[in-house]
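Engineer: Below is the structure I would like to discuss, written out as structure tokens.
2 protein chains.
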Amino acid sequence: MAQAPPADKRRLILDAAVRVFARQGFHSTRVSDIADEAGVAYGLVYHYFNSKDEVLNELFTERWSLLLAAIEEADRADGGPREKLGKVAGFIFDSYRHDPDLMKVIIVEVTRAANSFGQIHLEQIRRAYEGIARIVAEGQASGALRGDVDPMFASMAFYGAVEQLLSGWIFGTIPASETDFDEARDLLVTTICDGLEPR
Amino acid sequence: MAQAPPADKRRLILDAAVRVFARQGFHSTRVSDIADEAGVAYGLVYHYFNSKDEVLNELFTERWSLLLAAIEEADRADGGPREKLGKVAGFIFDSYRHDPDLMKVIIVEVTRAANSFGQIHLEQIRRAYEGIARIVAEGQASGALRGDVDPMFASMAFYGAVEQLLSGWIFGTIPASETDFDEARDLLVTTICDGLEPR
DNA sequence: TCACCGATTGACTGGTCAATCAACCGGAGG
DNA sequence: CCTCCGGTTGATTGACCAGTCAATCGGTGA
Chain W
101 MAQAPPADKR RLILDAAVRV FARQGFHSTR VSDIADEAGV AYGLVYHYFN SKDEVLNELF
161 TERWSLLLAA IEEADRADGG PREKLGKVAG FIFDSYRHDP DLMKVIIVEV TRAANSFGQI
221 HLEQIRRAYE GIARIVAEGQ ASGALRGDVD PMFASMAFYG AVEQLLSGWI FGTIPASETD
281 FDEARDLLVT TICDGLEPR
Chain X
101 MAQAPPADKR RLILDAAVRV FARQGFHSTR VSDIADEAGV AYGLVYHYFN SKDEVLNELF
161 TERWSLLLAA IEEADRADGG PREKLGKVAG FIFDSYRHDP DLMKVIIVEV TRAANSFGQI
221 HLEQIRRAYE GIARIVAEGQ ASGALRGDVD PMFASMAFYG AVEQLLSGWI FGTIPASETD
281 FDEARDLLVT TICDGLEPR
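In order, the protein sequences belong to chains W and X. Numbered according to the working numbering, the first sequence terminates at residue 299, and the numbering increases by one at each position without gaps. Numbered according to the working numbering, the second sequence terminates at residue 299, and the numbering increases by one at each position without gaps.
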């Protein structure tokens, strides 16, 4: 083989970081915590990453690019805005279902941390808002949604609702066990879309 | 006079802290920054507060209790859920209009910082969600809103939308200059309430 | 067998602050 | 004029931790 299995120590570190960040929060995790969790020497973290920040950035970028792709795809698919927004919300909720720790980290440490990491990734984050706004705008153009609401405004409200629900699950404000994510998705999409229907 | 004007150095420090927190974020402001901004000696901050954290806690508590009172009052007032929710959103948007720095600090450093200060104040924050949920529940009971949506669910979606809009203004994702806050309030309430109307 | 080289290790350094504390100031009261 | 005392000052301390770096390991090819 060209390269012996690079042991994927890099991946090992990233995965460990997710767990530690989710447990303690980015700011109160020491680099040594990540190394310990990964079962790896302190210095190795700096072999694969230039800084503690870069670890988080990498985690965010990996996941967020998937979200952007999902929004694009939902937009390209057939169906009205209701179906498209359902796909977007579904993707986000599924992401949480699939890897709660990762979503917790991304939301808490980046998306909602507008003063620190959110600042750095503002452009990427905004791209998601704009993708959703595009879906709304098309819905308005086709007459499926009323036209007197600014699409970006609607997008922010929609995304804000999604993220707040997620936060509620993450921090136990809302019981997650009994909640069926798919049901929540449908309810949310229905409510918002009904509110955006032509009067 | 019993007490000479205690010079209100405490207030001076709190107000200075708002400005500095808003400008630099809680984590990257040193206690010396607060003291400098207030034109006061470093040590005096510790005369009035036990820690840097306590300064932020005080700011949050002061403001949040007003919000809780406003929610209570909106609920007690006459009118349907539409009017009541309009009052709640109006209070929050007005708070931002009146003191953007303070709202920025509260939202960024507490409300959306669920890993650090949000944790400590989770109970207070939840109380706001519950107040809003109560308004929704009453609306359902009176038949003004459809009954198949969990009130807490609707509350989280509503509050999430409000906060996301605020965040958009705070961080320039959405242009604030041209936006009339009252218009935004009406639009938001209309959309959500239309979505929650009986089908 | 040996030289090479990237992966891996972890002790150490430098800088940053939060919090402390001993000293100082000025007004009230005697 | 002196004492007392709470408000005020800012230099100092002690802890913490990100990032560095020189040393070691182990696989590969000659």
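All residues carry an ideal CB built from backbone N, CA and C; glycine is no exception.
Just to confirm, is the Cβ distance from residue 261/W to residue 252/X under 9 Å?
Structural biologist: As a first step, residue 261/W is located in the first sequence; it is residue number 161 there, counting from the start. As a first step, residue 252/X is located in the second sequence; it is residue number 152 there, counting from the start. Taking 9 Å as the Cβ cut-off, residue 261/W and residue 252/X do not qualify as a contacting pair.
Engineer: Rounded to whole angstroms, what's the CA-CA distance from residue 193/W to residue 178/X? Just pull it up for me.
Structural biologist: Stepping through the first sequence from its first residue, residue 193/W is reached at position 93. Stepping through the second sequence from its first residue, residue 178/X is reached at position 78. Approximately 37 Å between the Cα atoms of the pair.
Engineer: Could you have a look at residue 104/W and say whether DSSP puts it in helix, strand or coil?
Structural biologist: Counted from its first residue, the first sequence places residue 104/W at position 4. Residue confidence for residue 104/W is low, a pLDDT of 39 falling below 50, so the modelled location carries little weight; the figure read from the coordinates is stated next. If DSSP states are grouped into helix, strand and coil, residue 104/W belongs with coil.
Engineer: Grab the span of the alpha helix (DSSP H) containing residue 230/W for me, first residue to last.
Structural biologist: Residue 230/W sits at position 130 when you count from the first residue of the first sequence. 222-241 is the span of the alpha helix (DSSP H), which, as asked, contains residue 230/W.
Engineer: So which residues on chain W does residue 157/X lean against when the C-beta distance must stay under 9 Å?
Structural biologist: On the second sequence, residue 157/X is found 57 positions in, with the first residue counted as 1. Around residue 157/X, no beta-carbon contact reaches into chain W at under 9 Å, the shortest distance being about 17 Å.
Engineer: Once the 5 residues before and after residue 292/X are set aside, which same chain residues still bring their CB inside 6 Å of it?
Structural biologist: Taking the first residue of the second sequence as position 1, residue 292/X is located at position 192. The residues are 258.
Engineer: Leaving out the 5 sequence neighbours to the left and right, which residues in its chain are closer than 8 Å to residue 125/X when beta-carbon positions are compared?
Structural biologist: Position 25 of the second sequence, counted from the start, is the residue given in the question as residue 125/X. Contacts found: 208, 209.
Engineer: So what's residue 246/X in DSSP terms, helix, strand or just coil?
Structural biologist: Here residue 246/X refers to the residue found at position 146 of the second sequence. Three-state DSSP puts residue 246/X in coil, outside helix and strand.
Engineer: Rank 287/W, 141/W, 182/W, 286/W by C-alpha distance to the C-alpha of residue 246/W and give the top, closest one.
Structural biologist: Within the first sequence, the letter at position 146 stands for residue 246/W. Shortest Cα-Cα distance from residue 246/W to any of 287/W, 141/W, 182/W, 286/W involves 182/W.
Engineer: When DSSP labels each residue in this structure, what does residue 251/W get in the three-state scheme?
Structural biologist: Against the first sequence, residue 251/W aligns to sequence position 151. Three-state DSSP puts residue 251/W in a helix.
Engineer: Is it right to say residue 240/X is buried, meaning 16 or more other beta carbons lie within 10 angstroms of its own, or is it exposed?
Structural biologist: Here the question's residue 240/X lines up with position 140 in the second sequence. Buried, by the Cβ-count rule.
Engineer: By Cβ distance below 6 Å, which residues in the same chain neighbour residue 238/W in space, the five residues on each side in sequence not counted?
Structural biologist: Here residue 238/W is taken as the residue at index 138 of the first sequence, counted from 1. Within the same chain, residue 238/W has no close Cβ partners at all.
Engineer: Can you tell me whether residue 216/X is buried or exposed? The criterion is at least 16 other CB atoms within 10 Å of its CB, across all chains shown.
Structural biologist: Sequence index remark: in the second sequence, residue 216/X carries index 116 (1-based). Per the 10 Å Cβ criterion, buried.
Engineer: Do you know offhand how far residue 175/X's Cα is from residue 148/W's?
Structural biologist: On the second sequence, residue 175/X is found 75 positions in, with the first residue counted as 1. On the first sequence, residue 148/W is found 48 positions in, with the first residue counted as 1. The C-alpha of residue 175/X lies about 55 Å from the C-alpha of residue 148/W.
Engineer: Under 7 Å between beta-carbons, which chain X residues line up against residue 215/W? List them in chain order, please.
Structural biologist: What you label residue 215/W is simply residue 115 of the first sequence in a count that begins at 1. Residues of chain X passing the Cβ test: 125, 208.
Engineer: Keeping to the same chain, check which residues put their C-beta closer than 7 Å to that of residue 142/X; ignore five residues upstream and five downstream.
Structural biologist: Looking up residue 142/X in the second sequence gives position 42. Its chain contains 131, 132, 135 as the residues whose beta carbon lies nearer than 7 Å to that of residue 142/X, once the 5 sequence neighbours on both sides are disregarded; these appear in chain order.
Engineer: Which residue marks the beginning of the alpha helix (DSSP H) containing residue 182/W, and which one marks its end?
Structural biologist: Stepping through the first sequence from its first residue, residue 182/W is reached at position 82. Looking at the DSSP string, the run of the alpha helix (DSSP H) that includes residue 182/W is 181-198.
Engineer: Measure from the alpha carbon of residue 234/W to the alpha carbon of each residue in 119/W, 294/W, 185/W, then state which is nearest.
Structural biologist: Taking the first residue of the first sequence as position 1, residue 234/W is located at position 134. Residue 185/W is the option with its Cα nearest to residue 234/W.
Engineer: By the criterion of Cβ-Cβ separation under 7 Å, what are the contact partners of residue 229/W in chain X?
Structural biologist: Reading the first sequence from its first residue, position 129 is the one you call residue 229/W. Per Cβ cutoff of 7 Å: 273.
Engineer: Closest to residue 162/X by CA distance: which of 202/X, 171/X, 108/X is it?
Structural biologist: On the second sequence, position 62 is the one that residue 162/X refers to. That would be 202/X, whose Cα lies nearest to the Cα of residue 162/X.
Engineer: Nearest to residue 263/X by alpha carbon, out of 288/X, 108/X, 280/X?
Structural biologist: Taking the first residue of the second sequence as position 1, residue 263/X is located at position 163. Among 288/X, 108/X, 280/X, the Cα nearest to that of residue 263/X belongs to 288/X.
Engineer: First and last residue of the alpha helix (DSSP H) that includes residue 157/W?
Structural biologist: Along the first sequence, read from residue 1 onward, the residue named residue 157/W stands at position 57. From DSSP, the alpha helix (DSSP H) with residue 157/W extends over 152-176.
Engineer: Hey, could you find the ends of the alpha helix (DSSP H) residue 291/W is sitting in?
Structural biologist: Position 191 of the first sequence, counted from the first residue, corresponds to residue 291/W. 281-296 is the extent of the alpha helix (DSSP H) around residue 291/W.
Engineer: With burial defined as no fewer than 16 other Cβ atoms inside 10 Å of the residue's Cβ, what is the status of residue 272/X: buried or exposed?
Structural biologist: Position 172 of the second sequence, counted from the first residue, corresponds to residue 272/X. Classification for residue 272/X: exposed.
Engineer: What residues from chain W crowd round residue 226/X, counting only those whose CB sits closer than 8 Å?
Structural biologist: Locating residue 226/X in the second sequence gives position 126, counting from the first residue. At a beta-carbon threshold of 8 Å, the residues of chain W lying near residue 226/X are 273, ordered along the chain.
Engineer: Tell me which residue opens and which closes the alpha helix (DSSP H) that residue 147/W is part of.
Structural biologist: Here residue 147/W corresponds to residue number 47 of the first sequence, with the count starting at 1. Its alpha helix (DSSP H) spans residues 142-148.
Engineer: Using a Cβ-Cβ cutoff of less than 6 Å, which residues in the same chain neighbour residue 101/X once the five nearest sequence positions on both sides are dropped?
Structural biologist: Taking the first residue of the second sequence as position 1, residue 101/X is located at position 1. The pLDDT assigned to residue 101/X is 35, lower than 50, so where the model puts this residue is not dependable; a value taken from the coordinates is nonetheless given after this. Within the same chain, residue 101/X has no close Cβ partners at all.
Engineer: In terms of alpha-carbon separation, which member of 170/X, 180/X, 205/X, 190/X lies closest to residue 123/X?
Structural biologist: Translated into the one-based positions of the second sequence, residue 123/X becomes position 23. Nearest C-alpha to residue 123/X: 205/X.
Engineer: Taking C-beta pairs closer than 7 Å, name the residues in chain W that residue 261/X reaches, listed in chain order.
Structural biologist: For the purposes of this step, residue 261/X is identified with residue 161 of the second sequence, where counting begins at 1. Those within 7 Å of residue 261/X in chain W are 257, 260, 261.
Engineer: Would you identify the three-state DSSP class for residue 274/W, choosing helix, strand or coil?
Structural biologist: Here residue 274/W is taken as the residue at index 174 of the first sequence, counted from 1. Reduced to three states, the DSSP call for residue 274/W is coil.
Engineer: Residues in its own chain within less than 6 Å of residue 298/X by CB, not counting five upstream and five downstream?
Structural biologist: Position 198 of the second sequence holds residue 298/X. Result list for residue 298/X: 246, in chain order.
Engineer: Which chain X residues are close to residue 252/W, counting only those with a beta carbon under 7 Å from its beta carbon?
Structural biologist: In the first sequence, the residue the question calls residue 252/W occupies position 152. By Cβ distance, chain X contributes 274.
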